[in-house]
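Under this note's numbering, residues 1 to 338 are what the sequence shown spells out, in order.
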Amino acid sequence: MVANAKANQLFRLTSGFVHTQILSACVQLGLFEALDGKALTTVQMATRCNMAPDAMRRLLDQAKRLDLVISAGPDLWMLSDAGTVLATDRGLREMIKHHNMLYRDLTDAAAFWRGDLRDTELRRYWAYVRGSNPAEIDNELVAPYSALMRESQAMLADCILAAHDFGQYRSVLDVGGGEGAFLGALGERHPQLRLALFDLPAVTDLALRHLRERGILERCTLSPGDFTSDPLPGDHDCVTLVRILCDHDDDRVIKILTNLHRHLSPGTRLVVAEAMAGDSEGANLAAIYFGTYFAAMGSGRCRSSVEISALLARCGFRNAKAVTTGNPLLATIVIAQR
Ligand SMILES: C[S@@+](CC[C@H](N)C(=O)[O-])C[C@H]1O[C@@H](n2cnc3c(N)ncnc32)[C@H](O)[C@@H]1O
């Protein structure tokens with residue numbers, strides 16, 4: 001029994017790349033949207049996904065084995081719970097699609113882990129980690145990653161907002177806030193909050209449009225700049241860093257936090273939210289995934305809450321404490337005070 005379980009576990013590890021490619025194919029072919037809210041036959045699915053019925057059946061059989069779809073009758077298919085999540089969460093599907101870049105970066109795994117690959121696709125995608133002046137990065141370079149961040153924010157924002165009560169603040173500044181998707185969710189949950197966003201100039205241009213479309217632009221102040229060196233508005237009683245510190249190596253994190261410390265008023269609450277390494281299964285899975293992802297980016301790492309608290313203390317922030325969320329795969333929170 002134990003030997004069998006261990007053999008299965010080792011086989012799962014060995015064949016994980018196959019599972020990923022089945023999932024990728026289902027996402028790319030639009031299988032989850034096709035089955036959203038209904039049952040379809042193989043032939044109907046084949047028409048929707050633009051492929052031959054035999055090939056469609058082969059893929060659906062594999063998706064069933066991975067519990068992405070279920071049989072609803074002879075030759076009739078429906079979504080499983082996991083499939084339903086994939087059908088409803090566009091951000092998750094966009095994340096899976098963009099993994100094609102990571103997959104290509106990992107093709108020569110030994111060279112990757114030796115650190116021989118400098119010019120990876122992910123390093124090109126995340127334009128601000130390449131070292132030139134980030135404030136000069138132009139619109140077409142920030143648009144793809146900003147759209148991905150906007151789309152993938154929904155689940156993360158729910159997880160953060162459920163774990164920390166932002167209703168206690170008068171105003172929140174989201175530093176590196178992207179197009180404002182987190183602020184949008186925050187503003188909808190707490191209509192009394194004043195909102196502010198700081199990001200690179202090319203990104204605040206995009207945020208203007210997004211926040212206008214969400215109908216909250218008049219509650220928001222937008223500040224363009226470089227968070228490692230430019231002044232930030234210091235008059236907010238809470239400042240958030242969502243998926244920011246993990247992108248950067250320690251020396252750059254210290255620059256970001258030192259700059260924040262310089263400009264924020266004493267007593268300001270700083271909320272750091274991102275996937276963190278830890279002992280829970282979710283935190284361990286997050287560390288394996290993000291540890292690889294940031295290695296491909298050539299910048300940043302998945303830190304534990306203890307490491308983040310130490311960096312905060314080193315930059316003058318006090319009383320750091322970790323708060324677990326309902327989904328450590330997505331985020332753990334560290335809260336500290338200026
Ligand atoms: C991983 S994204 C996270 C975006 C958003 N917080 C979220 O979770 O969806 C990192 C953000 O930091 C911004 N950023 C990177 N370097 C920056 C810098 N030097 N100054 C200001 N913003 C920067 C990027 O433009 C991007 O919007």
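Note that the Cβ used here is the ideal one computed from N, Cα and C, for glycine as well. This one's a predicted model, so the numbers in the text were calculated from it and none came from an experiment.
- Within the chosen limit of 7 Å, ligand 1 does not reach the beta carbon of G291 with any heavy atom.
- Between L193 and G184, the CB-CB gap reaches or exceeds 8 Å.
- For S304, the pairing in a beta bridge is given by DSSP as A277.
- The residues A275 and L329, in chain order, have a CB closer than 6 Å to that of A286 in the same chain once the five nearest residues on each side in sequence are set aside.
- Counting of Cβ neighbours within 10 angstroms places M56 among the buried residues, the total reaching 16 or more.
- Here R303 really is in contact with C246; their C-beta atoms are around 7 Å apart, less than 8 Å.
- The beta carbon of I137 sits closer than 8 Å to those of A127, Y128, L200 and A202, all from its chain and outside the five residues before and after it, given in chain order.
- Contact between P134 and D251 does not hold, since the beta-carbon distance rounds to 15 Å and is not under 8 Å.
- Judged by the Cβ position, I333 fails to qualify as a neighbour of ligand 1 at the 7 Å threshold, every heavy atom of the ligand being at least this far.
- Look at F294: its beta carbon is at least 7 Å from all of the heavy atoms in ligand 1.
- Judged by pairs of C-beta atoms under 8 Å, the segment 139-157 does not touch the segment 57-73, as fewer than three such pairs exist.
- Excluding its 5 nearest sequence neighbours in each direction, R104 has C-beta neighbours in its own chain below 7 Å: E121, listed in chain order.
- Per DSSP, D81 is one residue of the alpha helix (DSSP H) stretching across D81 to T88.
- As a beta-bridge residue in DSSP terms, P224 pairs with D199.
- Taking 7 Å as the cut-off, one finds at least one heavy atom of ligand 1 near enough to the beta carbon of D247.
- Shortest gap from the CB of P233 to any heavy atom of ligand 1: 7 Å or more.
- The continuous stretches of alpha helix (DSSP H) do not include T240, which lies in the beta strand (DSSP E) extending over residues C238 to V242.
- The beta carbons of A273 and A331 sit closer together than 8 Å.
- One Cα belongs to G282, the other to Y289, and the distance between them is close to 11 Å.
- When rounded, the separation of the alpha-carbon atoms in L270 and D205 is 25 Å.
- In terms of side-chain proximity, the C-beta atom of L197 is found no nearer than 7 Å to any non-hydrogen atom of ligand 1.
- Scanning its chain for C-beta atoms nearer than 6 Å, with the 5 sequence neighbours on each side dropped, one finds around A63 the residues C26 and V69, in chain order.
- Rounded to the nearest whole angstrom, the CA to CA distance from E33 to A46 is 13 Å.
- Residue pairing by DSSP leaves R65 without any beta bridge partner.
- Excluding sequence positions up to five before and after L217, its CB lies within less than 8 Å of the CB of L208 and L211, all in the same chain and listed in chain order.
- For the pair W77 and A157, the Cα-to-Cα distance works out to about 32 Å.
- The C-alpha of D237 is placed about 50 Å away from the C-alpha of C49.
- Annotated three-state conformation of D174 is strand, per DSSP.
- At least one heavy atom of ligand 1 lies closer than 7 Å to the C-beta of P134.
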